[in-house]
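Numbering (this note's numbering), first residue to last: 17 to 424.
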Amino acid sequence: MTLSSSTKSLSKSDLVFSLTFAFVIVFLQFQFGLYRNFPITVSLIALPFVMSSLFSGDANPVIKMMILFSFCLNIIVYFMEADNLDGIQWIQSFALFNLTYYGIYSVSRDSLKNTTILVSAIRIVIPVCFAFSLLQSSIGFGRYHWLDIPFGNFSNLNTHKLNSLASVSRAPGFYIEPSYNALVAICLLPVVALLKSNRQRWIYMSLISLWLLATRSFSGLMTMSIILLLKVLFTKKKSSIDIFILVIYALVISGYTLSRIESITQPGSSAYFRLISPIKIYTTNLEKFPLGVPLGVREMLVISSSERLEDNLVTSIDNGWLYILIYFGLFGIVFLTMIMVYCLRLSLKLRNLGSEYWVFGLLPVFTLGFTGGITMPEFILLSGVMISLIRGHLVQTLMLKRLDRNEV
17 MTLSSSTKSL SKSDLVFSLT FAFVIVFLQF QFGLYRNFPI TVSLIALPFV MSSLFSGDAN
77 PVIKMMILFS FCLNIIVYFM EADNLDGIQW IQSFALFNLT YYGIYSVSRD SLKNTTILVS
137 AIRIVIPVCF AFSLLQSSIG FGRYHWLDIP FGNFSNLNTH KLNSLASVSR APGFYIEPSY
197 NALVAICLLP VVALLKSNRQ RWIYMSLISL WLLATRSFSG LMTMSIILLL KVLFTKKKSS
257 IDIFILVIYA LVISGYTLSR IESITQPGSS AYFRLISPIK IYTTNLEKFP LGVPLGVREM
317 LVISSSERLE DNLVTSIDNG WLYILIYFGL FGIVFLTMIM VYCLRLSLKL RNLGSEYWVF
377 GLLPVFTLGF TGGITMPEFI LLSGVMISLI RGHLVQTLML KRLDRNEV
């Protein structure tokens, strides 16, 4: 791996590049229109630009084989069930899966580019998203329309999401819902490891922590708490800001966490919707679709399965881990294991090099739990940014280690 970005101050062209990155992240879900009910968003248009700007070189051969196998599996399952499928829906889903394969291929390429420019962009994005989320959370939903839906008619926020936000002061920020706002915050978290001074790290860690509190997203708060807890427990160098944030989070979410855990078995609750129902749907359909559910029938399958299971409120899979299991059947277990092994190896490598931010390598596993839309361009783009930052930190840590050895 190589970092081709300079650590010096940005040139004018690099500044424009950085502002473009920042614009794309903030306006991620800005919608220009619909094509066959599919949203044409900034993230869809910007995805090739972002991926080609951050990664270069050859892709990991294991990843290439996995992509080829997944591609072939999609085709095989289609021919097995072709008589029962809607061709247009299958093609639309297949296009999204190929977009995902492109994203996976890109992040597995062996060289990084423009990491310094990306860091500069994220240093703009974090204060902007934090301030806007804090404003939404403090004023409350429903008082000012421009605050609730900042993109107006160019937003793909639907009625269901609006109704779910109306009763609480949870900040959706510039995104579709509070959980997605929290997902963006978590994906940008590794930038902390690439900042130069402790003062900068403390400031940005604090801003991201407050940003997550404004969303009141259980997934976001729990992910941040687990990451900080692992960092505090298993890192020799203890950070006072990490301990302080962890204590604050523990006080804020202790009762909230207990109520969410209790609601896991209650039909209709968010926790049940994200965990129990998808597990039931997966196990119910595994015997019929051992190689995975055909593309394009997920919504119909989920609704019919929910009716059989008497979970009539469930109309989609809002969990990335179970999305993989449902679409790839038994092979989904293999793919999830590969993702976990990759993240664990990345974290252990950072830890062995002495990085206090080694735990950031585990973040891709956590982010899969935030949404079922893991084949959507905005999730692919965010994942690319997150992995670029984590790998950038790995390269930076390796370079510092070599400098230390040379000095000795």
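Just so you know, even glycine gets a beta-carbon here, dropped at the ideal spot from N, CA and C.
Review point. For E97, which residues of its own chain have a beta-carbon under 7 Å away from its beta-carbon, when the five flanking residues on both sides are left out?
Key: Counting from 1 along the sequence shown, the entry for residue 97 is found at position 81. The residues are P310.
Practice item. Kindly indicate the opening and closing residues of the beta strand (DSSP E) around L31. Key: Here the question's residue 31 lines up with position 15 in the sequence shown. It is not in any beta strand (DSSP E) - L31 instead sits in the alpha helix (DSSP H) that spans 28-42.
**Study point:** beta-carbon V411 near the ligand NAD non-hydrogen atom, thresh 8 Å
**Key:** The ligand NAD is absent from the structure shown, which contains no ligand whatsoever.
Review point. Does DSSP put L19 in a helix, in a strand, or in coil?
Key: Within the sequence shown, numbered from 1, the residue matching residue 19 stands at position 3. With a pLDDT of only 49 at L19, under 50, the local geometry of the prediction cannot be trusted, and the value read off the model is given with reservation. Here L19 sits in strand by DSSP.
Practice item. Take L70 and list the residues in its own chain whose beta-carbon comes closer than 7 Å to its own, dropping the five residues that flank it on each side. Key: For this step, residue 70 is matched to residue 54 along the sequence shown. Around L70: L128, K129, N130, L134, G400, S404.
Review point. So what does DSSP say about Y373, is it helix, strand or coil?
Key: Residue numbering aside, residue 373 sits at position 357 when the sequence shown is read from its first letter. Correct three-state label for Y373: coil.
Review point. Per DSSP, which one or two residues make a beta bridge with F71?
Key: Mapped onto the sequence shown, residue 71 falls at position 55. Bridge partners of F71: L128.
**Study point:** Beta-carbon proximity list for Y121, same chain, < 8 Å, skipping 5 on both sides
**Key:** Numbered from its first residue, the sequence shown carries residue 121 at position 105. Around Y121: A75, I79, K80, I83.
Check your understanding: Do R217 and I257 have their CB atoms nearer than 9 Å?
Key -> Against the sequence shown, residue 217 aligns to sequence position 201. Against the sequence shown, residue 257 aligns to sequence position 241. Taking 9 Å as the Cβ cut-off, R217 and I257 qualify as a contacting pair.
Review point. Would you call the CB atoms of H409 and L379 closer than 9 Å?
Key: Translated into positions along the sequence shown, residue 409 becomes position 393. Translated into positions along the sequence shown, residue 379 becomes position 363. Cβ atoms of H409 and L379: not closer than 9 Å.
Review point. Counting pairs of Cβ atoms below 8 Å between the segment 339-356 and the segment 293-304, do you hit three or more?
Key: yes
Point to revise | Proximity of L150 and A187 at Cβ, strictly below 9 Å | key: Mapped onto the sequence shown, residue 150 falls at position 134. Mapped onto the sequence shown, residue 187 falls at position 171. Closer than 9 Å, so yes.
Review point. Got a sec, what are the start and stop residues for the alpha helix (DSSP H) G345 sits in?
Key: Locating residue 345 in the sequence shown gives position 329, counting from the first residue. That run of the alpha helix (DSSP H) goes 336-368.
**Study point:** Spatial distance of A147 from L89 (CA atoms)
**Key:** Within the sequence shown, numbered from 1, the residue matching residue 147 stands at position 131. Within the sequence shown, numbered from 1, the residue matching residue 89 stands at position 73. The alpha-carbon atoms of A147 and L89 are separated by roughly 45 Å.
Point to revise | DSSP three-state assignment for Y191, whether helix, strand or coil | key: Position 175 of the sequence shown holds residue 191. Looking at Y191 - three-state DSSP - the assignment turns out to be coil, as it is neither helix nor strand.
Review point. Where I396 and S213 are concerned, what is the direct C-alpha to C-alpha distance, given to the nearest angstrom?
Key: Here residue 396 refers to the residue found at position 380 when the sequence shown is read from its first residue. Here residue 213 refers to the residue found at position 197 when the sequence shown is read from its first residue. Their Cα atoms are separated by approximately 30 Å.
Review point. Any idea if G49 is buried or exposed, counting beta-carbon neighbours within 10 angstroms, 16 or more meaning buried?
Key: For the purposes of this step, residue 49 is taken as residue 33 along the sequence shown, with counting starting at 1. Classification of G49: exposed, given that the 10 Å Cβ count is below 16.
Practice item. Indicate whether W37 and V58 have their beta-carbon atoms separated by less than 9 Å. Key: Working through the sequence shown from its first residue, we reach residue 37 at position 21. Working through the sequence shown from its first residue, we reach residue 58 at position 42. According to the sequence as given, residue 37 is Phe; it is not Trp. For F37 and V58, no; Cβs fall outside 9 Å.
Check your understanding: So L369 packs on K296, CB below 8 Å; how close in whole Å?
Key -> Position 353 of the sequence shown, counted from the first residue, corresponds to residue 369. Position 280 of the sequence shown, counted from the first residue, corresponds to residue 296. Wrong, their Cβ atoms sit about 43 Å apart, outside the cutoff.
Point to revise | Alpha-carbon to alpha-carbon, F87 and G73 | key: Indexing the sequence shown from 1 puts residue 73 at position 57. Indexing the sequence shown from 1 puts residue 87 at position 71. If you take the alpha carbons of G73 and F87, they lie about 22 Å apart.
**Study point:** Local Cβ density within 10 Å of T239, reported as buried at 16 or more and exposed below that
**Key:** Start at 1 with the first residue of the sequence shown, and residue 239 comes out as number 223. That one is buried.
Review point. Among the residues of its own chain, which have a CB less than 8 Å from the CB of I56, if the five just before and after it don't count?
Key: Position 40 of the sequence shown, counted from the first residue, corresponds to residue 56. Closer than 8 Å at the Cβ level, and outside the excluded window around I56, lie Q47, F48, G49, L50.
Practice item. Determine the DSSP secondary structure at F386, reduced to helix, strand or coil. Key: In the sequence shown, the residue the question calls residue 386 occupies position 370. Here F386 sits in coil by DSSP.
Review point. Which residue's Cα is closest to the Cα of P166: V42, A137, G388?
Key: Within the sequence shown, numbered from 1, the residue matching residue 166 stands at position 150. Nearest C-alpha to P166: V42.
Check your understanding: Can you name the start and end residues of the alpha helix (DSSP H) that T231 belongs to?
Key -> Mapped onto the sequence shown, residue 231 falls at position 215. Looking at the DSSP string, the run of the alpha helix (DSSP H) that includes T231 is 214-231.
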